[in-house]
Each structure stands twice: as structure tokens, then as C-alpha cells.
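Below: the structure, in C-alpha cells.
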Amino acid sequence: MKIQIFDKKFNKNNITTATILFLIKKYKTPFWLYCAENIKNKILQLKEFDIIRFAQKSCSNINILKLMKYEGVKVDAISLGEIERALTAGYNPKNVHDIVFTSDIFDAQTLKRIVELNITVNIGSIDMLHQLGNISTGHNIWLRINPGFGHGHNKKTNTGGETSKHGIWYTDLKKSIYFIKKYNLNLIGIHMHIGSGVNYQHLQKVCNSMLYNVLQPYMPQINIISAGGGLSIPYKKSDQIVNTNHYFQLWNNTRNIINNFFKKKIKLEIEPGRFLVAESGFLICQVCAIKKIKKKRFVIVDAGFNDLIRPVMYGSYHYISAISAKGEDMSNYPKTDTIIAGPLCESGDIFTQLENGEISFFMLPIVNLGDYLVFHDTGAYGASMSSNYNSRPLIPEILIENNIPKIIRRRQKIQELINLELFK
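Each residue of the sequence shown is one higher than the last, beginning at 26 in the numbering used here.
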């Protein structure tokens with residue numbers, strides 16, 4: 026029997042229709058699906074860096090974190106919840122590089138836990154220096170610098186410049202170093218996360234800014250610099266694929282100049298999230314209604330922006346495949362302009378929209394009730410940004426590794442939502 030890979034032209038993980046149908050029958054729709062081999066291949070592309078640190082906010086499932094740890098990837102945590110996830114996955118805060126907490130603030134509970142475990146902190150504000158320095162002398166820290174300019178695939182993802190809340194403003198660096206010395210904190214690295222994607226001219230600007238900020242007479246000897254994250258992935262066929270070797274070379278040249286300045290070898294770290302997991306993921310859902318409104322064709326599925334919010338929040342594009350209820354790959358079927366929507370009682374629950382909220386169309390095969398849609402490249406900022414809006418439970422997550430699927434998060438029960446609000 027011939028193994029049929031659905032939508033082979035766009036299917037980056039070579040998943041078969043038989044696998045999709047098997048999982049649908051076992052777990053029902055909607056659900057998330059991840060492919061471990063894709064993640065492992067992405068890790069290999071970054072092996073020139075001394076340290077790869079996974080931005081777990083992109084996909085914080087503990088089983089994904091365990092996979093990362095097994096592959097030698099360190100982890101970034103941005104909340105107490107993410108710290109506890111990392112610990113559960115086996116990361117050890119006694120290793121100075123295993124977990125780094127990155128934030129612009131401390132809340133009391135998180136600060137207490139960080140001091141208790143001696144977790145390295147990537148400091149994003151001068152107030153954090155005071156709060157940590159007053160209670161934990163000698164604590165290992167990074168400084169996250171806002172270089173005065175930004176970049177991002179969307180204005181909501183811009184992580185630098187005067188309209189960004191992130192990092193210590195570069196003109197406050199000298200003041201920050203003063204407080205570091207005052208509190209006897211241990212500065213081990215400088216971090217700069219701007220996210221240049223495939224814009225290498227902009228990336229060089231970030232590298233130059235790193236040099237400008239590090240090569241100052243008041244800068245203590247550091248051990249490591251971080252290139253941050255922001256490596257792009259091709260959501261569309263026309264999108265340029267990031268050249269990870271070129272990306273490394275630009276940062277390695279920067280590192281070598283700093284080596285000469287400090288007369289020592291420093292480490293080079295990168296902090297990808299989306300790059301490692303986005304292309305590994307699918308969202309599988311079912312067609313539940315089809316409407317014709319004037320000349321517009323609407324296909325309504327059983328997943329909404331409570332599951333995948335990126336199209337609503339950012340106007341993000343995701344390629345969509347169709348599989349018939351009988352298990353036929355529909356990629357070569359006739360296609361038509363289609364608006365694809367979710368089930369929420371919310372006008373904006375539309376997967377086909379632009380950044381400004383304008384409704385757009387996707388050339389979708391002419392599906393029928395009961396057929397299935399597969400959203401591609403949803404491994405990053407999919408499940409991790411899900412919500413219970415409209416009192417809808419979180420959906421399952423499934424990981425395929427060595428061709429064996431296993432559930433890594435069960436479907437949430439409605440009663441679990443209700444129990445949070447019941448008191449004796």
C-alpha cells in the first residue's frame with residue numbers, strides 16, 4: 026500500500042493522511058501535533074553557537090522542554106510558572122547556564138524563588154538591580170540592553186527602541202554597572218534581543234550596538250554575550266529562509282572583537298523560540314459549517330482564536346491544508362477563495378485576516394462538512410498562547426518522535442474550569 030503524505034509540496038514534516046486520521050479517531054479534533062525530528066534538525070542548524078537557549082514562551086509544554094534538555098539546549102524562563110516548568114523538565118539551577126530568568130520586573134513570589142534556587146537573572150530594569158542586590162549579594166546576572174532601536178515582524182513584537190518596554194536603555198548602562206558593583210552582583214553576560222530575521226544589514230547594526238555597549242572602559246569582564254532570538258521561519262513559500270551560518274558568522278566576528286578587548290575567550294549564546302518549534306507544529310480541526318454570504322464563502326471550524334491567536338493578534342499567515350472525511354489528500358482538488366473562521370462568539374474569530382484586521386481570503390480546496398483542515402507552522406505561539414475564552418477547554422497536544430505519537434497534554438475538562446470558581 027502506497028504511503029500518502031498529504032499536501033506534499035507544503036508538508037514540512039512528511040506526515041501521512043493515515044497518521045492524521047488515526048490521531049483524529051483517537052483524540053478527536055481540535056488538537057495540536059508536533060514532530061520531534063523537525064525540532065532536532067533545527068537545533069543542529071545552530072550547533073555552532075556555544076549555547077542554544079530555548080525561549081520556552083513559544084512552546085512551554087514540559088515534554089518539549091525535556092526534548093530540548095536531552096538535545097543539550099538550555100532554557101529561558103520569563104515567569105515563576107516557566108521556572109517551575111523548567112525544573113519539572115529536569116533543568117538544574119545549580120548549573121549557572123541551565124535556566125536564565127528574563128524579565129523587566131520581579132514580583133515578590135518570583136524573586137523569593139529565584140533567590141532560593143540561585144537562578145541566574147537577565148536584568149531588564151534598574152529597579153530589578155536594587156531589588157535583587159538588596160537581598161542576594163553575589164547573585165549571577167545578565168544585563169538586557171535596549172540599544173535604542175528595534176525590529177520585528179509586527180509592531181507588537183518589536184523588542185527595542187523608545188516604544189519598547191524591554192531592557193535597560195543603553196544610556197543607563199554606566200549607571201547599571203555602578204549599582205552592580207555597589208551590590209556586589211556578578212555580571213556574567215550582556216544580552217540584546219532585537220530579532221532581525223533575514224535582514225542581515227539590520228543584524229550587523231545589532232552586532233555593532235553590542236560592541237558599542239560592551240567595549241566601554243567601565244564594563245567589567247564578562248563571560249558571555251547573547252544574540253537573543255528572532256530568527257525567522259518561512260510561513261510562506263516566498264519567505265526567505267534564514268542563513269544560520271551567516272547569522273553565526275556576524276555574531277562570531279562580534280565575539281572575536283570582544284575577546285580581544287577582554288583578552289579572554291567569551292561564549293556566544295543564541296535564544297531561539299519560534300525558529301526551533303514553529304515548523305514542527307500543526308493544528309488539526311474539523312469543518313463544522315459552510316456559509317455563502319453574498320459572494321463570500323465562509324468555512325467555520327471547531328478551533329478558534331482561543332486556540333490559535335496569532336492571526337487575530339498579528340495578522341499572521343498560516344498555510345492551510347485540507348483532508349477529506351474519508352482520508353483523501355485534497356491538495357489537488359479545485360480551490361476557491363475562502364474565509365476561514367472559528368466557533369467563538371466574537372466577530373474577530375477569523376483566521377484569514379491581515380495585520381490591520383481586514384478580512385482576507387485563502388485559496389482552500391472546496392471542502393464539505395466533516396472534512397478536516399490542517400494549519401501549518403503552528404508549533405510556536407500556538408498552544409502556549411491559548412486561552413479559555415468562551416469557557417472552551419484547552420485542547421490536546423501530541424508529539425510524534427521516532428514515528429510514535431504520544432499525548433503530551435490531555436484535553437482539559439470543562440469541570441476543571443468550573444472547579445476553579447467553586448469554594449466550600
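We put the CB at the ideal spot given by N, CA and C, even for glycine.
query: How would you label residue 137, buried or exposed, when you count the other beta carbons within 10 angstroms and need 16 or more for buried?
result: To locate residue 137, count along the sequence shown from 1; it is residue 112. The residue is exposed, with fewer than 16 neighbouring Cβ atoms inside 10 Å.
message: I'd like to confirm the pairing. Which residues does DSSP put opposite residue 60 in its beta bridges?
response: Position 35 of the sequence shown, counted from the start, is the residue given in the question as residue 60. For residue 60, which the question treats as bridged, DSSP gives the partners 425.
field: Boundaries of the alpha helix (DSSP H) in which residue 35 is found, first to last residue
entry: Stepping through the sequence shown from its first residue, residue 35 is reached at position 10. Run containing residue 35: none; DSSP gives neither H nor E here.
- request: Examine the Cβ distances between the region 312-329 and the region 278-287 and report whether three or more of them are shorter than 8 angstroms.
  value: no
- prompt: Using DSSP with H/G/I as helix, E/B as strand and the rest coil, what is residue 414?
  reply: Sequence index remark: in the sequence shown, residue 414 carries index 389 (1-based). DSSP places residue 414 in helix when its eight states are reduced to three.
message: Once DSSP output is grouped into helix, strand and coil, what is the label at residue 159?
response: Position 134 of the sequence shown holds residue 159. Correct three-state label for residue 159: coil.
task: Pick out whichever of 253, 370, 115, 318 has its Cα sitting closest to the Cα of residue 415.
output: Locating residue 415 in the sequence shown gives position 390, where the first residue counts as 1. Comparing Cα positions, the closest option is 370.
Beta-carbon separation (whole angstroms), residue 147 vs residue 167, contact threshold 8 angstroms: As a working mapping, residue 147 is identified with position 122 in the sequence shown. As a working mapping, residue 167 is identified with position 142 in the sequence shown. Indeed they touch by this definition, with Cβ atoms about 4 angstroms apart.
field: Three or more C-beta pairs below 8 angstroms linking the region 367-381 and the region 429-439
entry: no
query: Exposed or buried, what is residue 263 when buried is set at 16 or more other beta-carbons lying within 10 Å of its beta-carbon?
result: As a working mapping, residue 263 is identified with position 238 in the sequence shown. Flag for residue 263 reads exposed.
message: Please tell me whether residue 298 and residue 329 are closer than 9 angstroms, where the distance is taken between their beta carbons.
response: Numbered from its first residue, the sequence shown carries residue 298 at position 273. Numbered from its first residue, the sequence shown carries residue 329 at position 304. No. Outside cutoff.
- prompt: Which same chain residues, not among the five before or five after residue 223, have their C-beta less than 7 angstroms away from its C-beta?
  reply: Looking up residue 223 in the sequence shown gives position 198. Only 257, 265, 267 meet the Cβ criterion.
- request: Using DSSP bridges, identify the partner residues of residue 317.
  value: Locating residue 317 in the sequence shown gives position 292, counting from the first residue. Bridge partners of residue 317: 322.
field: First and last residue of the uninterrupted alpha helix (DSSP H) at residue 336
entry: Within the sequence shown, residue 336 is the residue found at index 311, counting from 1. 335-339 is the span of the alpha helix (DSSP H), which, as asked, contains residue 336.
- prompt: How would you call residue 242, buried or exposed, if buried means at least 16 neighbouring beta carbons within 10 angstroms?
  reply: Counted from its first residue, the sequence shown places residue 242 at position 217. The residue in question, residue 242, is exposed, as its Cβ has fewer than 16 Cβ neighbours within 10 Å.
- prompt: For the candidate residues 402, 78, 229, whose alpha-carbon lies nearest to that of residue 344?
  reply: Sequence index remark: in the sequence shown, residue 344 carries index 319 (1-based). Of the candidates 402, 78, 229, the one whose C-alpha sits nearest the C-alpha of residue 344 is 402.
message: So, with DSSP's three-state summary, where would you put residue 372?
response: Counting from one through the sequence shown, the residue named residue 372 turns up at place 347. The answer is coil: DSSP assigns residue 372 none of H, G, I, E or B.
- prompt: In its own chain, which residues sit with a C-beta less than 6 angstroms from the C-beta of residue 42, not counting the 5 before and 5 after it?
  reply: What you label residue 42 is simply residue 17 of the sequence shown in a count that begins at 1. The answer, listed in chain order, is 29, 31, 348, 352, 354.
query: Quick one: what's got a C-beta closer than 8 angstroms to residue 140's C-beta in the same chain, skipping five residues either side?
result: Here residue 140 refers to the residue found at position 115 of the sequence shown. Only 157, 160, 161, 164 meet the Cβ criterion.
message: Using 9 angstroms as the threshold, is the C-beta distance between residue 54 and residue 90 below it?
response: One-based indexing of the sequence shown puts residue 54 at position 29. One-based indexing of the sequence shown puts residue 90 at position 65. No, these two residues do not count as a Cβ contact at 9 angstroms.
message: Assuming residue 234 is part of the alpha helix (DSSP H), what are its boundary residues?
response: Sequence index remark: in the sequence shown, residue 234 carries index 209 (1-based). Here the alpha helix (DSSP H) through residue 234 covers 225-239.
message: On the DSSP letters alone, give me the boundaries of the beta strand (DSSP E) that residue 366 sits inside.
response: As a position in the sequence shown, residue 366 is number 341, starting the count at 1. Residues 360-366.
message: With H, G and I counted as helix, E and B as strand and the rest as coil, what does DSSP make of residue 436?
response: Within the sequence shown, numbered from 1, the residue matching residue 436 stands at position 411. Note: residue 436 maps to coil in three-state DSSP.
task: Measure from the alpha carbon of residue 321 to the alpha carbon of each residue in 289, 362, 230, then state which is nearest.
output: As a working note, residue 321 is residue 296 in the sequence shown. Ranking the options by Cα distance to residue 321, first place goes to 362.
Neighbourhood of residue 407 by C-beta, 8 angstroms cutoff - its chain only, sequence neighbours within 5 removed: Locating residue 407 in the sequence shown gives position 382, counting from the first residue. Here the set comprises 57, 84, 306, 308, 332, 333, 335.
Sequence-distant residues of the same chain with beta carbon closer than 7 angstroms to residue 33, five excluded per side: Walking along the sequence shown from the start, residue 33 turns up at place 8. If we look at residue 33 and ignore the five residues flanking it on each side, it has no Cβ neighbours.
task: From the DSSP output, in three-state form, read off residue 267 for me.
output: The residue labelled residue 267 in the question sits at position 242 within the sequence shown. Coil at residue 267, not helix or strand.
- prompt: Should the region 244-259 be called in touch with the region 201-221, which here means at least 3 C-beta pairs below 8 angstroms?
  reply: yes
message: Can you give me the C-alpha to C-alpha distance between residue 410 and residue 393, rounded to a whole angstrom?
response: In the sequence shown, the residue the question calls residue 410 occupies position 385. In the sequence shown, the residue the question calls residue 393 occupies position 368. Going by the C-alpha atoms only, they are around 29 angstroms apart.
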